[in-house]
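Engineer:
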């Protein structure tokens with residue numbers, strides 16, 4: 004019996020990751036509960052379990068009184084005559100340990116004891132799962148699509164399920180059951196029914212975490228992701244910087260023949276990713292962020308967080324992007340409010356002096372831009 008008990012505890016510890024000590028405590032509590040149900044009280048009942056063999060002893064602490072007629076409560080008192088049958092050395096006033104046979108418990112008491120153990124196992128299992136996934140909050144995990152729940156999707160993460168709400172889905176993405184996808188863990192909550200995990204496919208941090216897992220230089224800290232702007236399902240701009248002058252930040256993120264970035268694009272179902280160099284000079288940073296458009300001049304006000312940008316006439320639509328997307332993402336990436344004008348518009352603007360732009364900074368350094376779509380890799384030098 005005890006051998007079977009120990010084997011069962013070993014299996015629970017391995018499969019449910021619940022410590023044996025916790026299980027032993029659950030058994031002790033269940034025996035105390037059974038005693039309370041059987042005798043009406045269990046304040047003086049003690050349970051001892053050998054952690055090595057699984058042998059257990061249940062006993063009640065009873066005070067020895069002179070005679071049977073002096074026993075007011077047989078749960079806590081025992082006559083001297085009865086005590087002598089337990090221990091020949093017993094005398095009046097002693098506290099005697101009287102063994103309780105668990106076989107004497109009734110069916111209801113036994114069932115209640117069983118429920119106590121099962122409840123404790125369920126609670127511990129939920130706690131283990133909660134702690135395990137709470138550590139993964141704000142990180143990326145891989146899950147298997149199970150089913151649609153209304154417009155939301157239930158995703159199996161292994162030991163528990165997560166919910167991908169409609170608001171966190173990329174528009175146009177359709178998943179099939181059993182399909183494996185990567186999701187960003189937004190929040191892990193502990194509820195009476197177990198941990199509730201909400202995940203996202205639209206969060207900008209999803210792209211950041213994917214780069215961290217794919218690019219070794221980011222993982223070891225050589226390359227840093229300074230900022231990121233995303234319109235899920237369409238385009239993402241990411242600014243990177245290398246603290247090692249011998250390491251090309253953009254090249255490290257691209258990988259050989261675009262292998263690294265293409266793996267991320269594939270996971271994001273073809274979402275375009277622009278990788279640009281971050282620069283502490285706001286003018287250069289804005290110039291890089293607006294790639295692939297060529298920039299004539301940038302006037303940035305770091306205090307007001309505004310910038311005026313002049314581009315060639317034929318580059319205006321490219322700089323603004325379809326429905327303003329390129330300019331919008333560049334503004335979010337840099338944190339500047341960007342006003343883009345063509346050369347003709349700028350020269351016709353009241354009070355505009357072209358030399359004001361050129362006197363601010365000579366943005367003659369080469370900028371780099373990478374536009375990745377369906378595995379293509381293109382590099383366009385910025386305007387000198």
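Numbering (my numbering), first residue to last: 4 to 387.
We treat Cβ as the ideally placed atom computed from N, Cα and C, and that holds for glycine.
1) Name the one or two DSSP bridge partners that residue 281 has.
2) Taking a contact to mean a Cβ-Cβ separation below 8 Å, would you say residue 160 touches residue 143 in this structure?
3) Keeping to the same chain, check which residues put their C-beta closer than 7 Å to that of residue 62; ignore five residues upstream and five downstream.
4) Helix, strand or coil: which one does DSSP assign to residue 6?
5) At which residues does the beta strand (DSSP E) containing residue 31 begin and terminate?
6) Quick check on residue 360: does DSSP put it in helix, strand or coil?
7) Name the two residues that bound the continuous beta strand (DSSP E) containing residue 351.
8) Which one of 204, 136, 179 and 191 has the shortest CA to CA distance from residue 168?
9) Starting from residue 310, trace the beta strand (DSSP E) both ways and give me its first and last residue.
10) Between 207, 151, 192 and 171, which lies nearest to residue 180 when the distance is taken from Cα to Cα?
11) Pairing CB atoms from the segment 313-327 with CB atoms from the segment 276-291, are three or more of them under 8 Å?
12) May I have the straight-line CA-CA distance separating residue 187 from residue 267, to the nearest angstrom?
13) Roughly how many angstroms separate the alpha carbons of residue 162 and residue 218, rounded to a whole number?
14) Roughly how many angstroms separate the alpha carbons of residue 383 and residue 21, rounded to a whole number?
15) By the three-class DSSP mapping on this structure, what secondary structure does residue 118 have?
16) Who are the near neighbours of residue 74 in its chain, counting only those whose CB is closer than 8 Å to its CB and skipping five residues on each side?
17) Counting only runs that start and end within the segment 42-89, where is the alpha helix (DSSP H) found for 4 or more residues in a row?
18) Could you say which of 127, 216, 149 and 248 lies nearest to residue 198 if we only look at CA atoms?
19) For residue 329 and residue 293, I'd like the C-alpha separation in whole angstroms.
20) With DSSP as the reference, identify every bridge partner of residue 207, one or two as the case may be.
21) Can you tell which of 196, 13 and 170 has the C-alpha that lies nearest to the C-alpha of residue 164?
22) What is the DSSP secondary structure of residue 258, counted as helix, strand or coil?
23) So, for residue 308: in the same chain, excluding its five sequence neighbours on each side, which residues have a beta-carbon less than 7 Å away from its beta-carbon?
24) Return the first residue and the last residue of the alpha helix (DSSP H) that residue 328 is part of.
25) Nearest by alpha-carbon distance to residue 194: which of 24, 130 and 30 is it?
26) Any contact of the segment 296-312 with the segment 235-255, i.e. 3+ C-beta pairs under 8 Å?
27) Compare the beta carbon distance of residue 30 and residue 120 with 8 Å and say whether it is the shorter of the two.
28) From the DSSP output, in three-state form, read off residue 325 for me.
29) Threshold first: 3 residues or longer. Then list the beta strand (DSSP E) segments lying entirely within the segment 122-198, N to C.
Structural biologist: On the basis of the data shown:
1) Position 278 of the chain shown, counted from the first residue, corresponds to residue 281. According to DSSP, which records beta bridges pairwise, residue 281 is partnered with nothing at all.
2) Translated into positions along the chain shown, residue 160 becomes position 157. Translated into positions along the chain shown, residue 143 becomes position 140. One thing to note: residue 160 has its Cβ no nearer than 8 Å to the Cβ of residue 143.
3) The residue given as residue 62 occupies position 59 in the chain shown. Within the same chain, residue 62 has close Cβ partners 49, 100, 101, 102 and 103.
4) Translated into the one-based positions of the chain shown, residue 6 becomes position 3. In this structure, residue 6 counts as helix in the three-state DSSP scheme.
5) As a first step, residue 31 must be located in the chain shown, where it is residue number 28. Boundaries around residue 31 are those of the alpha helix (DSSP H), 23-42, since no beta strand (DSSP E) includes it.
6) The residue labelled residue 360 in the question sits at position 357 within the chain shown. Because the pLDDT of residue 360 is 48, which lies under 50, any placement of that residue in the model is unreliable, and the number read from its coordinates should be weighed accordingly. Helix, per DSSP.
7) In the chain shown, the residue the question calls residue 351 occupies position 348. Not the beta strand (DSSP E): residue 351 falls in the alpha helix (DSSP H), residues 346-351.
8) As a first step, residue 168 must be located in the chain shown, where it is residue number 165. It is 204 whose Cα lies nearest to the Cα of residue 168.
9) As a working note, residue 310 is residue 307 in the chain shown. Segment 309-314, the beta strand (DSSP E) holding residue 310.
10) To locate residue 180, count along the chain shown from 1; it is residue 177. For residue 180, the nearest C-alpha among the options comes from 151.
11) no
12) Taking the first residue of the chain shown as 1, we reach residue 187 at position 184. Taking the first residue of the chain shown as 1, we reach residue 267 at position 264. Distance between the alpha carbons of residue 187 and residue 267 is about 14 Å.
13) As a first step, residue 162 must be located in the chain shown, where it is residue number 159. As a first step, residue 218 must be located in the chain shown, where it is residue number 215. If I take the Cα positions, the gap works out to 28 Å.
14) Translated into positions along the chain shown, residue 383 becomes position 380. Translated into positions along the chain shown, residue 21 becomes position 18. Confidence is the limiting factor: at residue 383 the pLDDT is only 37, short of 50, which leaves the residue's position unreliable, though a coordinate-based value still follows. Rounded to whole angstroms, residue 383 to residue 21 spans 57 Å at the Cα level.
15) The residue you call residue 118 lines up with position 115 of the chain shown. Residue state, collapsed to three classes: helix.
16) In the chain shown, the residue the question calls residue 74 occupies position 71. Excluding its 5 nearest sequence neighbours in each direction, residue 74 has C-beta neighbours in its own chain below 8 Å: 68, 80, 81 and 82, listed in chain order.
17) Here the runs fully enclosed are 83-89.
18) One-based indexing of the chain shown puts residue 198 at position 195. Answer by Cα proximity: 127.
19) On the chain shown, residue 329 is found 326 positions in, with the first residue counted as 1. On the chain shown, residue 293 is found 290 positions in, with the first residue counted as 1. One C-alpha to the other measures close to 7 Å.
20) For the purposes of this step, residue 207 is identified with residue 204 of the chain shown, where counting begins at 1. Note: residue 207 sits in no beta bridge, so no partner.
21) For this step, residue 164 is matched to residue 161 along the chain shown. Residue 164 has its Cα closest to that of 196, out of 196, 13 and 170.
22) One-based indexing of the chain shown puts residue 258 at position 255. Of the three classes helix, strand and coil, the one that applies to residue 258 here is coil, per DSSP.
23) To locate residue 308, count along the chain shown from 1; it is residue 305. Excluding sequence neighbours, residue 308 sits near 338, 339 and 340.
24) If you number the chain shown from 1, residue 328 lands on position 325. Where residue 328 is concerned, the enclosing alpha helix (DSSP H) stretches over 328-337.
25) The residue given as residue 194 occupies position 191 in the chain shown. Of the candidates 24, 130 and 30, the one whose C-alpha sits nearest the C-alpha of residue 194 is 130.
26) no
27) On the chain shown, position 27 is the one that residue 30 refers to. On the chain shown, position 117 is the one that residue 120 refers to. Yes, the pair counts as a contact, with Cβ atoms nearer than the cut-off.
28) Residue mapping note: residue 325 aligns to position 322 of the chain shown, counting from 1. Under the three-state reduction of DSSP, residue 325 is assigned to helix.
29) 143-152, 155-159, 164-167 and 183-194
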